[in-house]
Amino acid sequence: MKRVSYLVILSLIIALPVRYSYACTDFLLVNEKKNVVVGRSMEFGIKLQSELKIFPKNEKNTSYLANSKKGLSWVSKYAYIGVTSFGLNLIADGMNEKGLSLGTLWFPGATYPKIPKDKPDETIAIEDLGNWILGSFKNLDEVKVGLESIYIWFHEIRALKEVPPIHFALHDSSGKSMVIEFLDGKMYIVDNVVGVLTNTPKFEWQVTNLSNYINLTAVNKKIAHFDGTVIDPTGEGSGLLGIPGDWTPSSRFVKIALLKDFVKKTKTIRENINLAFHLLNTVDIPYGAIRSADGKNFDHTQWVVVKDLSNRTLSYRTYKNLNIHTINLEKEIPML
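Next comes the structure, spelled out in structure tokens:
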């Protein structure tokens, strides 16, 4: 099998603590002409050893379970591009040739379903789930149906030294979004009408929390009068006074949800991609600004990607290189 590897993204972390920090953000942008773009940042407190790879269609795949037992096998219908981690084919973020997008985000508190022991042919290891989805389906409707036919084996990933608590953000080229979360031992598939996902708490709580900020507006406040005294607004952006500015998951969710709603919709794909990078700038975390209690690991923005689902391009930049690089998946497929 031929895979094209474009980059290795190196972080500054040299130690691997048992517990580490995390702060990822994912969002959808649809412009006036219905062009669909997804922005995503990857923040993590350990070296992810990330690589950007292209996986061809018609590739035979087998997922391996406990004790090297064979699990689900499938042949990829679609080519896809993805950012992998830890030298595995574990997809942290990716997009296929039909414009289906998948992002894996950290989700502490996830509790996973038990799997039957007598159905290995219908069971897939968690590190293969992203590959299976991107290689098998063209839109969210197909993903929903497909997920009903499998079981997912969640297990310890050696590089992480734990079972990864994760949830997934999915979008397709029609502009639909959904979230896959694992709570109370069950899998929940929820339509994402906000088009934003971060980390904890659960997605439903994040949406409810937006009602605390409905007073915010992009319009500057007017002069007010109190007992004959003229009170001037504080300055530009006074309508957004109170928008969260920290990097907690709930604050990032609110900030991106509001900003993507307030900003002026773009007309062209290039403008939409540019807007996505600007929004990503608002949640960028510099190295050292967030650190673990023991001072051994530093959560920071290791890389960001912007995926044009309408034209199948993926643009990225890294912490050490802010130049934007773009890969056109449709142009690369004939080379595989």
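To convert, count from 1 in the sequence shown and add 27; that's my numbering. All residues carry an ideal CB built from backbone N, CA and C; glycine is no exception.
- Counting along the chain, L79 sits inside the beta strand (DSSP E) bounded by residues S77 to F82.
- Straight-line measurement puts the Cα of K96 at about 37 Å from the Cα of V333.
- Boundaries of the beta strand (DSSP E) harbouring A251: A251 to F253, taken from the DSSP string.
- L267 has its alpha-carbon roughly 43 Å from the corresponding atom of Y105.
- By the CB criterion at 7 Å, F289 and A245 fall inside the cutoff.
- Closest by C-alpha distance to E169, out of Y178, M205 and P140, is M205.
- In this structure, N62 is the residue among N62, C51 and T52 with its C-alpha nearest to the C-alpha of T293.
- Of the other Cβ atoms in all chains shown, 16 or more fall within 10 Å of the Cβ of H327; this residue is therefore buried.
- Within the stretch 245-279, no run of alpha helix (DSSP H) reaches 4 residues while sitting entirely inside it.
- Under the three-state reduction of DSSP output, F181 falls in the coil class, being neither helix nor strand.
- Under the three-state reduction of DSSP, Y91 is assigned to strand.
- When Cβ pairs closer than 8 Å are counted between the two stretches, the stretch 149-165 is seen not to touch the stretch 233-244, the count staying below three.
- The Cβ-Cβ distance between G202 and P147 does not fall below 7 Å.
- About 6 Å separates the beta carbons of A137 and I193, which is inside the 8 Å limit, making them a contact pair.
- Taken through DSSP and simplified to helix, strand or coil, Y314 comes out as coil.
- Secondary structure note for I108: its beta strand (DSSP E) is the uninterrupted segment Y107 to T111.
- In the displayed model, D145 falls within coil according to three-state DSSP, outside both helix and strand.
- Shortest Cα-Cα distance from E175 to any of I216, L75, F253 and P271 involves I216.
- A Cβ-Cβ separation of about 6 Å places K287 in contact with F54 under the 8 Å criterion.
- The beta carbons of S103 and K84 sit closer together than 7 Å.
- An exposed status is given to E263, since fewer than 16 other beta-carbon atoms sit within 10 Å of its beta-carbon.
- Residue environment for T295: exposed (fewer than 16 other C-beta atoms within 10 angstroms of its C-beta).
- Following the DSSP letters along the chain, one finds K171 inside the alpha helix (DSSP H) bounded by residues L167 to L174.
- H194 is bridged by DSSP to L132.
- The Cβ-Cβ distance between L115 and E70 does not fall below 7 Å.
- Straight-line measurement puts the Cα of G212 at about 11 Å from the Cα of F181.
- Assigned with DSSP and collapsed to three states, G157 falls in helix.
- The three-state secondary structure of K358, taken from DSSP, is helix.
- Residue environment for K74: buried (at least 16 other C-beta atoms within 10 angstroms of its C-beta).
- Taken atom to atom, the span from the alpha-carbon of P260 to that of V221 is near 30 Å.
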